[in-house]
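Report on the structure given below.
Protein chains: 2
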Amino acid sequence: MINNLGELGLEQNPSKRERILDAAEALFATHGYDGVTIRQIAHAAQVDVALASYHYGKKRDLFDAVFFRRADVLNTLRLERLTRCEVEAGPDGPDVEAIIEAFIRPLNPGELEEQTGDPGWHNYMALVAYINNSPVWGQTMMTKHFDPLVQRFIKALKKALPNASEEHIYWGYNYFSGAISLTFTRTGRIDRLSDGVVSSNDLDMAYKCMVPFIAAGFKKICQD
Amino acid sequence: MINNLGELGLEQNPSKRERILDAAEALFATHGYDGVTIRQIAHAAQVDVALASYHYGKKRDLFDAVFFRRADVLNTLRLERLTRCEVEAGPDGPDVEAIIEAFIRPLNPGELEEQTGDPGWHNYMALVAYINNSPVWGQTMMTKHFDPLVQRFIKALKKALPNASEEHIYWGYNYFSGAISLTFTRTGRIDRLSDGVVSSNDLDMAYKCMVPFIAAGFKKICQD
DNA sequence: GGTGAAATTAAACAAGCGTTGAGTTATTAT
DNA sequence: ATAATAACTCAACGCTTGTTTAATTTCACC
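Chains as they are written, first to last, in the numbering used here: chain L, 52 to 275; chain S, 52 to 275.
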C-alpha cells in the first residue's frame with residue numbers, strides 16, 4: 052500500500068484539489084509517469100479516485116498540470132536572477148562562475164521553500180530532473196517551457212567565453228544539465244558509495260561544489 | 052502500434068530467446084520499466100506473449116536479465132582498461148585525465164559494436180543511464196554491479212588528487228555520473244537547442260569534450 | 001524413424017487500469 | 001431561505017495488464 056500525505060512529507064492543510072497535485076508531484080517524481088496510477092495518487096491525497104479526473108481530466112493532463120504549476124514561477128525567478136547578474140556585471144558581462152551561479156541558485160529547493168513556504172519544491176525539482184532525462188518527455192516538455200531561459204544562459208556564456216566554439220558550449224551545457232539532474236534526483240547513490248560521508252540531501256554542499264566544477268569545465272574546453 | 056525489430060534497429064537473426072532480450076532492452080531504455088508491457092516486447096520481438104514468461108519468468112526478472120546480460124562484459128572491459136592505465140602510468144599513478152578517459156572510454160557504444168558486432172550496446176547504455184537516474188532502481192541495481200569499479204576509480208582519483216577532501220571527490224563523481232547519463236540517454240535536447248549544430252548521437256565528440264571538461268572540474272574543486 | 005525434452009503457441013484467468021455518469025453534499029449568490 | 005453551481009462520492013464500464021495452463025510444434029538423439 053502506497054504512502055499517505057504524511058509519509059510523503061506533504062502539507063495536510065490545502066484543498067483536495069491541491070492535494071491531488073501535491074501527491075501526484077511526489078509520486079511522479081520518484082516513479083515516473085507510467086509508474087504511478089491515478090488510484091495511488093488519490094490514495095496518497097486521501098481523496099476519491101474520481102476527483103482527479105473531475106479536476107484535471109485525463110492522466111496526461113494531470114501530469115501536465117503538475118509540471119506547469121511551478122514552471123513559470125521558476126522561470127521568472129531564474130530570468131530575474133540572470134538579468135540582475137548581467138546588470139551588476141556591467142558592459143563586459145558576468146564571468147562564467149557568476150553565470151552558472153545565477154542559472155542554478157534559484158533552483159535550490161531549500162531556498163524556494165523558505166521563500167514560498169511550500170514543501171513541494173523538492174519533489175518538483177526531482178520531477179523536472181526525471182523529465183529532463185527521459186527520451187520521451189525530454190524534448191517536448193523541456194523545450195517548450197525552459198528553452199528561452201537556456202538560450203539566455205548560453206548567450207551569456209558565449210560572451211564570457213569569446214573564443215569558444217558552438218559545439219563546446221552546447222556539449223558543456225549537456226554535461227552541466229546532466230549534473231544538475233542527477234543531483235536533484237537524489238538517488239542516494241553517493242551516500243552509499245561514500246559510506247555516509249556525503250549526503251545527497253545536502254544540496255547546499257552540492258551547489259557549493261558544482262559552481263566551480265562546472266565553471267572550470269567550461270573554461271577548459273572553451274579557452275584552449 | 053509499437054515498432055518491430057527493424058524499426059528498433061535490431062538484428063533479425065538471433066533466436067527468439069535473444070530477440071526478446073533485445074526488444075526489451077530497446078523498449079525499457081526509452082520508456083522505462085513501467086512504460087513497457089510484455090505484449091509490446093513480444094510484438095517487437097515478433098514472438099508470442101507467453102514466451103517471455105516461459106524464458107525469463109516475471110517481468111521484473113526479464114528486466115534484470117536485460118541488465119545483467121551486458122553488465123559483466125562491460126565491467127570486465129572497464130577494469131582492464133583502468134588497470135592498464137595504472138600500470139602504464141608507473142608508481143605515481145595516472146593523472147586525472149587518464150583516469151577519466153579510462154573510466155568512460157569502454158562505454159563508447161560505437162567501439163563496443165565494432166568489437167562485438169552487436170548493435171544493442173546503444174540501447175544498453177541508455178538503459179543504464181535510465182537506471183542510474185531513477186530513485187527507484189538507482190541505488191540497488193547500480194550498487195550491486197558497478198560499485199567495485201567505481202570504488203577503484205575513486206581510489207585512483209584520490210591518488211591523483213592528494214589534497215582533495217572526500218566530499219569533493221564524491222560530489223565530483225556525482226556530477227560526472229550525471230553528465231555521462233544524460234549524454235547516453237540522447238534526448239536530442241541539445242540538437243534542438245543548437246538548431247542542428249550539435250548532434251546528441253555524435254558520441255565521439257561527446258567523449259572528446261567530456262574528458263577535459265570533467266578533469267578540469269575535479270582539479271579545480273580538489274586542488275584549491 | 002520413433003521417442004523424450006525443449007520450444008512455442010493459443011486461450012483464458014483474475015486483477016488492476018483510466019474514465020464515466022448519475023447521484024449526493026457543500027458552497028455561494030441572491 | 002432558496003436556487004444555482006461547484007465539489008465530491010459511489011459504482012460501474014470496457015479494456016489492458018502480467019501470468020498460467022494445457023495443447024501443439026520443433027528438434028536432438030539413439
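All C-beta atoms in this analysis are idealised placements derived from N, C-alpha and C, irrespective of residue type, glycine included.
Keep in mind it's a predicted model, so treat the numbers as computed, not measured.
Where the alpha helix (DSSP H) through residue 222 of chain S begins and ends: Taking the second sequence and counting its residues from 1, one reaches residue 222 of chain S at position 171. Note, residue 222 of chain S: alpha helix (DSSP H), 217-236.
Do residue 224 of chain L and residue 241 of chain S have their C-beta atoms within less than 8 Å of each other? Numbered from 1 along the first sequence, position 173 holds the residue referred to as residue 224 of chain L. Numbered from 1 along the second sequence, position 190 holds the residue referred to as residue 241 of chain S. Contact flag set, yes.
Skipping 5 residues on each side, what residues in its chain have a beta carbon closer than 8 Å to that of residue 222 of chain S? Residue numbering aside, residue 222 of chain S sits at position 171 when the second sequence is read from its first letter. Only 272 meet the Cβ criterion.
Which residues of chain L have a Cβ atom closer than 9 Å to the Cβ of residue 190 of chain S, listed in chain order? Stepping through the second sequence from its first residue, residue 190 of chain S is reached at position 139. Result: 238, 239, 240, 242 and 243.
Short of 7 Å Cβ to Cβ, which residues in the segment 119-143 of chain L face chain S? none
Only counting the same chain, and skipping five residues up and downstream in sequence, which positions put a Cβ closer than 6 Å to that of residue 218 of chain L? Residue mapping note: residue 218 of chain L aligns to position 167 of the first sequence, counting from 1. Excluding positions up to five away in sequence, the list is empty.
Amino acids of chain L, ordered along the chain, whose beta-carbon sits closer than 7 Å to that of residue 100 of chain S: The count along the second sequence starts at 1 and reaches residue 100 of chain S at position 49. Near residue 100 of chain S there are no residues of chain L at all, since even the closest Cβ is about 19 Å away, more than 7 Å.
For residue 146 of chain L, collect the residues of the same chain with a Cβ closer than 7 Å to its Cβ; drop the 5 residues on either side in sequence, then sort them by chain order. Counting from 1 along the first sequence, the entry for residue 146 of chain L is found at position 95. Cβ within range, chain order: 211.
If you check the beta carbons only, do residue 181 of chain L and residue 121 of chain L fall under 8 Å apart? Here residue 181 of chain L is taken as the residue at index 130 of the first sequence, counted from 1. Here residue 121 of chain L is taken as the residue at index 70 of the first sequence, counted from 1. Cβ distance not < 8 Å, so residue 181 of chain L and residue 121 of chain L don't count as in contact.
With residue 105 of chain S and residue 116 of chain S assumed to form a contact (beta carbons below 8 Å), what rounded beta-carbon distance in angstroms separates them? As a working mapping, residue 105 of chain S is identified with position 54 in the second sequence. As a working mapping, residue 116 of chain S is identified with position 65 in the second sequence. About 13 Å; that fails the 8 Å criterion.
Separation of residue 96 of chain S from residue 227 of chain S, as counted between CA atoms: Translated into the one-based positions of the second sequence, residue 227 of chain S becomes position 176. Translated into the one-based positions of the second sequence, residue 96 of chain S becomes position 45. Distance between the alpha carbons of residue 227 of chain S and residue 96 of chain S is about 35 Å.
Is there a Cβ of chain L sitting closer than 8 Å to that of residue 219 of chain S, yes or no? By one-based count along the second sequence, residue 219 of chain S stands at place 168. It does: the Cβ of residue 219 of chain S has a partner Cβ on chain L nearer than 8 Å.
Report the start-end ranges of each beta strand (DSSP E) in the segment 87-175 of chain L that is 3 residues or longer and not cut off at the edges. none
So, is the C-beta of residue 209 of chain S closer than 8 Å to a C-beta in chain L? Residue 209 of chain S sits at position 158 when you count from the first residue of the second sequence. Not an interface residue.
Does residue 189 of chain L come out as helix, strand or coil in the three-state DSSP assignment? For this step, residue 189 of chain L is matched to residue 138 along the first sequence. Residue state, collapsed to three classes: helix.
For the ligand SAM, any of its heavy atoms closer than 7 Å to the Cβ of residue 128 of chain S? Within the structure as shown, the ligand SAM is missing, as the structure has no ligands at all.
Which residue comes first and which comes last in the alpha helix (DSSP H) that contains residue 244 of chain S? What you label residue 244 of chain S is simply residue 193 of the second sequence in a count that begins at 1. Element bounds for residue 244 of chain S: 240-244.
Report the residue from L:220, L:262, L:261 and L:274 whose alpha carbon sits nearest the alpha carbon of residue 248 of chain S. Within the second sequence, numbered from 1, the residue matching residue 248 of chain S stands at position 197. It is L:220 whose Cα lies nearest to the Cα of residue 248 of chain S.
Cutoff 8 Å: residue 175 of chain S Cβ touching any chain L Cβ: Against the second sequence, residue 175 of chain S aligns to sequence position 124. Chain L, which has no Cβ nearer than 8 Å to the Cβ of residue 175 of chain S, makes this no.
Would a check of beta-carbon distances place residue 5 of chain L closer than 8 Å to chain S? Not covered by the structure: residue 5 of chain L. The range shown for chain L is 52 to 275.
Counted within 10 angstroms of its Cβ, other Cβ atoms place residue 268 of chain S as buried (16 or more) or exposed: Taking the first residue of the second sequence as position 1, residue 268 of chain S is located at position 217. It is buried - the Cβ of residue 268 of chain S has at least 16 other Cβ atoms within 10 Å.
Exposed or buried, what is residue 168 of chain S when buried is set at 16 or more other beta-carbons lying within 10 Å of its beta-carbon? The residue labelled residue 168 of chain S in the question sits at position 117 within the second sequence. Exposed, because fewer than 16 other Cβ atoms sit within 10 Å of the Cβ of residue 168 of chain S.
Please look up how many angstroms separate the CB atoms of residue 190 of chain L and residue 141 of chain S, rounded, as I've assumed it's under 8 Å. For the purposes of this step, residue 190 of chain L is identified with residue 139 of the first sequence, where counting begins at 1. For the purposes of this step, residue 141 of chain S is identified with residue 90 of the second sequence, where counting begins at 1. Rounded to the nearest angstrom, the Cβ distance from residue 190 of chain L to residue 141 of chain S is 46 Å, too far for a contact under 8 Å.
Rounded to whole angstroms, what's the CA-CA distance from residue 123 of chain L to residue 114 of chain L? Just pull it up for me. To locate residue 123 of chain L, count along the first sequence from 1; it is residue 72. To locate residue 114 of chain L, count along the first sequence from 1; it is residue 63. Those two C-alpha atoms are separated by around 16 Å.
Answer yes or no: does any C-beta atom of chain S fall closer than 8 Å to that of residue 82 of chain L? Start at 1 with the first residue of the first sequence, and residue 82 of chain L comes out as number 31. Residue 82 of chain L belongs to the set of residues whose beta carbon lies under 8 Å from a beta carbon in chain S.
How about residue 81 of chain S and residue 187 of chain L: are their beta carbons less than 8 Å apart? Residue numbering aside, residue 81 of chain S sits at position 30 when the second sequence is read from its first letter. Residue numbering aside, residue 187 of chain L sits at position 136 when the first sequence is read from its first letter. In this structure, residue 187 of chain L lies closer than 8 Å to residue 81 of chain S by Cβ.
Is residue 103 of chain S closer than 8 Å to residue 93 of chain S when the C-beta atoms are compared? Here residue 93 of chain S is taken as the residue at index 42 of the second sequence, counted from 1. Here residue 103 of chain S is taken as the residue at index 52 of the second sequence, counted from 1. Their beta carbons are under 8 Å apart, which means residue 93 of chain S touches residue 103 of chain S by this criterion.
Let me confirm a value: residue 214 of chain S is counted as buried when at least 16 other C-beta atoms fall within 10 Å, else exposed. Which label applies? Within the second sequence, numbered from 1, the residue matching residue 214 of chain S stands at position 163. It is exposed - the Cβ of residue 214 of chain S has fewer than 16 other Cβ atoms within 10 Å.
Partners in chain S for residue 85 of chain L, counting only beta-carbon separations shorter than 9 Å: Here residue 85 of chain L corresponds to residue number 34 of the first sequence, with the count starting at 1. Under the 9 Å cutoff, chain S gives 82, 83, 84, 85, 86 and 87.
At least one CB of chain L closer than 8 Å to the CB of residue 171 of chain S: is that the case? Residue 171 of chain S sits at position 120 when you count from the first residue of the second sequence. For residue 171 of chain S, the answer is no, since every Cβ of chain L falls outside 8 Å of its Cβ.
Three-state class that DSSP yields for residue 184 of chain L in the structure shown: Translated into the one-based positions of the first sequence, residue 184 of chain L becomes position 133. Coil at residue 184 of chain L, not helix or strand.
Local conformation of residue 212 of chain L per DSSP, three classes: Counting from one through the first sequence, the residue named residue 212 of chain L turns up at place 161. Coil at residue 212 of chain L, not helix or strand.
Taking all protein chains shown into account, decide if residue 149 of chain S is buried (16 or more other Cβ within 10 angstroms of its Cβ) or exposed. As a first step, residue 149 of chain S must be located in the second sequence, where it is residue number 98. Buried, since its Cβ has 16 or more Cβ neighbours within 10 Å.
By how many angstroms is the C-alpha of residue 119 of chain S removed from the C-alpha of residue 110 of chain S? Taking the first residue of the second sequence as 1, we reach residue 110 of chain S at position 59. Taking the first residue of the second sequence as 1, we reach residue 119 of chain S at position 68. Taking the CA atoms as reference points, residue 110 of chain S sits about 14 Å from residue 119 of chain S.
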